[in-house]
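**Q** Heads up: the sequence shown begins at 2 in full-length UniProt numbering, then just goes up one per residue. Here a beta-carbon is modelled for each residue, glycine too, at the ideal position from N, C-alpha and C. Note that the structure is a prediction, hence the values are computed from the model and not measured.
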Amino acid sequence: SKRIKVKALLESTQTNIEVTVMGWVRTFRNNQFIALNDGSTNSNIQIVVDFENTDPTLLRRITTGAALSVTGTLVESLGKGQKFDIKATAIEVLGDSDPEKYPLQPKKHSLEFLREIAHLRFRTNTFGAIFRVRNSLAFAVHKFFQERSFVYLHTPVITASDAEGAGEAFKVTNLDLDRLPRTDDGQIDYKQDFFGKATNLTVSGQLEGELGAMALSDIYTFGPTFRAENSNTTRHLAEFWMIEPEMAFYDLEDNMDLAEALLKYTISYALEHNAEDIEFLTQRLADEDKQKPQNERSEMSLLEKLQFCLDNDFQRLTYTEAIDILKDSTPNKKKKFQYLIEEWGADLQSEHERYLVEKHFKKPVILTDYPKEIKAFYMRQNDDGKTVRAMDILFPGIGEIVGGSQREERLEKLEQRMGEMGIPTEELWWYLDTRRFGACPHAGFGLGFERLVLFVTGMGNIRDVIPFPRFPKNAEF
Ligand code: ATP
Ligand code: MG
Ligand code: MG
Ligand code: MG
2 SKRIKVKALL
12 ESTQTNIEVT
22 VMGWVRTFRN
32 NQFIALNDGS
42 TNSNIQIVVD
52 FENTDPTLLR
62 RITTGAALSV
72 TGTLVESLGK
82 GQKFDIKATA
92 IEVLGDSDPE
102 KYPLQPKKHS
112 LEFLREIAHL
122 RFRTNTFGAI
132 FRVRNSLAFA
142 VHKFFQERSF
152 VYLHTPVITA
162 SDAEGAGEAF
172 KVTNLDLDRL
182 PRTDDGQIDY
192 KQDFFGKATN
202 LTVSGQLEGE
212 LGAMALSDIY
222 TFGPTFRAEN
232 SNTTRHLAEF
242 WMIEPEMAFY
252 DLEDNMDLAE
262 ALLKYTISYA
272 LEHNAEDIEF
282 LTQRLADEDK
292 QKPQNERSEM
302 SLLEKLQFCL
312 DNDFQRLTYT
322 EAIDILKDST
332 PNKKKKFQYL
342 IEEWGADLQS
352 EHERYLVEKH
362 FKKPVILTDY
372 PKEIKAFYMR
382 QNDDGKTVRA
392 MDILFPGIGE
402 IVGGSQREER
412 LEKLEQRMGE
422 MGIPTEELWW
432 YLDTRRFGAC
442 PHAGFGLGFE
452 RLVLFVTGMG
462 NIRDVIPFPR
472 FPKNAEF
């Protein structure tokens, strides 16, 4: 009979039919009950083995991790917690797994341990749930933009521009590093490099995205982004996925509305399509919470946190208003933030952001109109001469999840700011052309996809929400 996936099988309305399932053994109890998982759902299907009539050699090969093909009759389960069992009539071992050597034992492993065997962690319930949720969120991102007639524009992975100028780009070269060609004055001669100039992996597709928006009106990119930052935090990766929409004829208000709508849409899509996985992750977090002292436990469950985020408008305020709140607040009895924020103009630290979100407003926050000194050159300048039309969206437990702005469309203002910041205008001539020919108000933002997955799964470390995390000293597989 034809193979059926466990998820589909559990939705069956018929019993006493013959079915074939294929998957990996999670446990095998009493030579009689196999818990088989095929990754389509966290629920295992229980296989009932007629062990008296089964070859003992075959029984010995049914070990944790082994791949099986099982044909049998679908019957209503007598056990609790499962709807169906399969009474096996034929079992074939497709791939053995030596129980002495298999790293994943049928017990709870720590996330730290699983990170060391990230090539096998897909086979646990936690990571099964995470990557199914991640999959749904990615699909929902496309669905959201496609329903609004945005064009999915593929911006280049290899580029000659370091959009943020933050010096965090990975260089790309095909030159022999042991014998780099030099110019007469001893500099590396990038003219001899593959592209005839120095190139790097993209740190953001924004500048190229703006070119698309200046003709297609609304575009988005959604692809891998690379930053050689010292990403030894629980919120940074060297390779992460970013969603970057750019919209012509948008101001900052429109930009905020779109970002808030996107976040709510994707979260609600996952809640609807991954109810079982999110319930599992909610329970996982609740169990973890029980290990903590009372005062460190979270006030809301994961499910409540997600629902709360959908039910409430994000709090919108300016950077200056946020500083006033932080100055007057007493995060703990001894210390005041005013000792931490020296003066207006400093960038907020994550403890400030988290205070605003988690303690003061107790909901997602959109901060706008940051000092121009701490933001990129392309943000639209306000009339006060001090601030720019920036927005950062801050989420509970995450901090910054979105960074965006209305873009500076006025050529003179843009050139003047680039001059002040020492950014050579010649190199970005193509970018400035959009301001020379048919410039219009426009805006956009970048949403860190893994930060969204972190929020929805309730996980604590960004390395656990991407299949193959890249961070310093880690690129084995
Ligand atoms: P942060 O302040 O957290 O370092 P950023 O301000 O440097 O972030 P942006 O350049 O504004 O980041 O990028 C847009 C979004 O991309 C961020 O809001 C965040 O969600 C995500 N992001 C940035 N850097 C990383 C990273 N190293 N790993 C994962 N996500 C990231
Ligand atoms: Mg950064
Ligand atoms: Mg930031
Ligand atoms: Mg930012």
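1) Can you give me the Cβ contacts of residue 443 inside the same chain, cut-off strictly under 8 Å, excluding the 5 residues immediately before and after it?
2) Can you find a heavy atom of ligand 2 that lies under 7 Å from the Cβ of residue 1?
3) If we ignore side chains and look at the alpha-carbon of each, how far apart do residue 126 and residue 399 end up?
4) Taking DSSP's pairing of strands, which residues face residue 183 in a bridge?
5) Around the C-beta of residue 470, are 16 or more other C-beta atoms found within 10 angstroms, so that it is buried, or is it exposed?
6) Measure how close the beta-carbons of residue 103 and residue 65 come, nearest whole angstrom, since I'm counting them as under 8 Å.
7) First and last residue of the beta strand (DSSP E) that includes residue 316?
8) Would you tell me roughly how many angstroms separate the C-alpha atoms of residue 54 and residue 60, rounded to the nearest one?
9) Using the beta-carbon count (16 or more within 10 Å), is residue 431 buried or exposed?
10) Any idea what DSSP makes of residue 149, helix, strand or coil?
11) Using 10 angstroms around the beta-carbon of residue 184, count the other beta-carbons present and answer buried if the total reaches 16, otherwise exposed.
12) Tell me whether residue 404, by its Cβ, gets closer than 7 Å to a heavy atom of ligand 3.
13) Rounded to a whole number of angstroms, what is the C-alpha to C-alpha distance between residue 347 and residue 108?
14) Any heavy atom of ligand 1 closer than 7 Å to the CB of residue 228?
15) Please report how far the alpha carbon of residue 310 lies from the alpha carbon of residue 35, in whole angstroms.
16) Should residue 393 be counted as a contact of ligand 4 given a C-beta to heavy atom distance under 7 Å?
17) Roughly how far, in whole angstroms, is the beta-carbon of residue 370 from the beta-carbon of residue 383, given that I think they are within contact range, below 8 Å?
18) Use the C-beta contact count for residue 9: other C-beta atoms within 10 angstroms, 16 or more gives buried, fewer gives exposed.
19) Return yes when at least one heavy atom of ligand 1 lies under 7 Å from the C-beta of residue 162, else no.
20) Can you list, in chain order, the stretches of the alpha helix (DSSP H) that have 4 or more residues and sit fully within the stretch 73 to 127?
21) Taking the beta strand (DSSP E) that residue 382 belongs to, which residues open and close that run?
22) For residue 257, which option in 448, 62, 120 has the closest C-alpha, if you only look at C-alpha atoms?
23) Can you give me the start and stop residues for the beta strand (DSSP E) that residue 351 sits inside?
24) Given residue 376, which residues of its chain have a CB within under 8 Å of its CB, disregarding the five upstream and five downstream residues?
25) Just confirm the distance between the C-beta atoms of residue 176 and residue 194, as a whole number of angstroms; I'd bet it's less than 8 Å.
26) For ligand 1, is there a heavy atom less than 7 Å away from the beta-carbon of residue 463?
**A** Walking through what the data contain:
1) 211, 214, 215, 247, 248, 249, 250, 251, 407, 408, 410
2) Past the boundaries of the shown model lies residue 1; the chain is included only from 2 to 478, so the question cannot be answered.
3) 23 Å
4) For residue 183, DSSP records a beta bridge to 189.
5) buried
6) 6 Å
7) 316 to 319 is the span of the beta strand (DSSP E), which, as asked, contains residue 316.
8) Going by the C-alpha atoms only, they are around 11 Å apart.
9) exposed
10) coil
11) Classified as exposed, residue 184 has fewer than 16 neighbouring CB atoms from the shown chains inside 10 Å of its CB.
12) yes
13) 48 Å
14) yes
15) 40 Å
16) Indeed, a heavy atom of ligand 4 lies less than 7 Å from the Cβ.
17) 6 Å
18) exposed
19) no
20) Fully enclosed alpha helix (DSSP H) runs of no fewer than 4 residues occupy 112 to 117 of the stretch 73 to 127, in order along the chain.
21) Where residue 382 is concerned, there is no enclosing beta strand (DSSP E), given that its DSSP letter is neither H nor E.
22) Taking only the C-alpha atoms, the option nearest residue 257 is 448.
23) Per DSSP, residue 351 belongs to no beta strand (DSSP E); it is in the alpha helix (DSSP H), 351 to 355.
24) 389, 391, 406
25) 5 Å
26) yes
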